[in-house]
Amino acid sequence: MNYYVLEYQYPRKGFISGGATFTPAVEYYDPIQTDLPPYTTAEVILDSRLRKMDVDFFYTGTRATVVSDAFKQLLEQYPTPTQFVPAKVYYHNHALVSTTYWIAHRIQPLDCVDYEASQYAGKQLVLRSIQQPPRRIAKGFEHIVLDEQKIGTNEWFTLDYTYISNPIISETLAQEIKARKLHVHTTPIGDFKP
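The opening position of the sequence shown corresponds to residue 9 in my numbering, with each subsequent residue numbered one higher.
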């Protein structure tokens, strides 16, 4: 199966970003480690240069992954441990955007990179650390190959033990995104240059 990276940059639009704050307040937000109570809500203030918000996926400078309600509904059709936190998204002038958004919290990290077949910086050190922990974080990827057996039935996940924060989706999910005409920029995993 083919897999795709969700890109934070859109053609002709550039990066979509902003800052997220949570209620109740979070001192330091970590997209995997932070415990968010089920009643948590969020606010996102977009960067000042953005004049029209029309995308279904973006990432904030505070490391929060944001998805539209339409994208959330699609993701919920597949088994996922992701927690969706309601988020009000505002333009820099504090006008509320018209689309409903959610913070996708705790996207499941999978240790599914094929470290032998992939090309990245410090490859021998990473391979050695897999056999003799502590485990090194892989970075400087030139080519990524995934181990499908370790992915199993997961359709939406992140790559554990790497510096890559972008979510990864299956070809099935990528086709659904295209069929629903969601504004999500994807790149095949083999072509992705972090």
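Just so you know, even glycine gets a beta-carbon here, dropped at the ideal spot from N, CA and C.
Do you know how far the Cα of residue j is from the Cα of residue i?
{"i": "Leu14", "j": "Pro175", "result": "6 Å"}
{"i": "Ala33", "j": "Arg114", "result": "17 Å"}
{"i": "Phe149", "j": "Ser126", "result": "8 Å"}
{"i": "Trp110", "j": "Leu190", "result": "15 Å"}
{"i": "Asn101", "j": "Gly27", "result": "14 Å"}
{"i": "Ile197", "j": "Thr166", "result": "12 Å"}
{"i": "Ser106", "j": "Ile40", "result": "28 Å"}
{"i": "Ile172", "j": "Lys147", "result": "8 Å"}
{"i": "Gln139", "j": "Leu133", "result": "10 Å"}
{"i": "Thr108", "j": "Ala72", "result": "16 Å"}
{"i": "Phe200", "j": "Ile152", "result": "8 Å"}
{"i": "Gln157", "j": "Met9", "result": "11 Å"}
{"i": "Trp164", "j": "Gly22", "result": "23 Å"}
{"i": "Lys60", "j": "Arg136", "result": "48 Å"}
{"i": "Lys96", "j": "Thr49", "result": "8 Å"}
{"i": "Thr90", "j": "Glu84", "result": "9 Å"}
{"i": "Asp38", "j": "Lys131", "result": "27 Å"}
{"i": "Tyr86", "j": "Thr194", "result": "19 Å"}
{"i": "Tyr128", "j": "Val192", "result": "26 Å"}
{"i": "Thr180", "j": "Asp43", "result": "30 Å"}
{"i": "Tyr123", "j": "Pro141", "result": "15 Å"}
{"i": "Glu35", "j": "Ser25", "result": "20 Å"}
{"i": "Arg20", "j": "Lys186", "result": "18 Å"}
{"i": "Thr70", "j": "Pro202", "result": "19 Å"}
Just curious, the alpha helix (DSSP H) that residue i is in, first and last residue?
{"i": "Ile185", "result": "179-187"}
{"i": "Phe79", "result": "77-83"}
{"i": "Val134", "result": "131-139"}
Assuming residue i and residue j make a contact with CB atoms under 8 Å, what is their CB distance in whole Å?
{"i": "Thr68", "j": "Val74", "result": "6 Å"}
{"i": "Phe92", "j": "Lys80", "result": "6 Å"}
{"i": "Arg143", "j": "Tyr169", "result": "6 Å"}
{"i": "Tyr11", "j": "Ile177", "result": "7 Å"}
{"i": "Tyr98", "j": "Val52", "result": "7 Å"}
Looking at C-alpha atoms only, which residue of the options is the closest neighbour of residue i?
{"i": "Gln283", "options": "Leu181, Pro202, Asn162, Arg59", "result": "The structure shown does not extend to residue 283, since the chain spans only 9 to 202, so no value can be given for it."}
{"i": "Asp119", "options": "Tyr98, Arg136, Leu154, Pro87", "result": "Leu154"}
{"i": "Ala103", "options": "Leu54, Arg136, Glu184, Thr42", "result": "Leu54"}
{"i": "Leu58", "options": "Phe30, Gln85, Tyr18", "result": "Tyr18"}
{"i": "Val121", "options": "Arg136, Ile159, Ala95, Thr90", "result": "Ile159"}
{"i": "Tyr47", "options": "Tyr36, Asp38, Ser56, Thr31", "result": "Thr31"}
{"i": "Asp77", "options": "Ala112, Asp43, Thr88, Ser56", "result": "Ala112"}
{"i": "Pro94", "options": "Tyr86, Pro87, Pro45", "result": "Pro45"}
{"i": "Ala182", "options": "Asp43, Tyr123, Pro141, Leu82", "result": "Leu82"}
How far does the beta strand (DSSP E) with residue i in it reach, from first residue to last?
{"i": "Glu163", "result": "Here Glu163 belongs to no beta strand (DSSP E), and DSSP marks it neither H nor E."}
{"i": "Thr31", "result": "26-31"}
{"i": "Lys201", "result": "Element bounds for Lys201: n/a, residue is neither H nor E."}
{"i": "Ala95", "result": "91-98"}
{"i": "Lys147", "result": "147-151"}
{"i": "Thr49", "result": "49-54"}
{"i": "Val13", "result": "11-14"}
{"i": "Tyr67", "result": "65-67"}
{"i": "Pro113", "result": "Before going on, a small fix: residue 113 reads as His here, not Pro. Residues 109-113."}
Does the ligand MG have even one heavy atom less than 7 Å from the beta-carbon of residue i?
{"i": "Ala103", "result": "Ligands in the displayed structure: none, and consequently the ligand MG is not present."}
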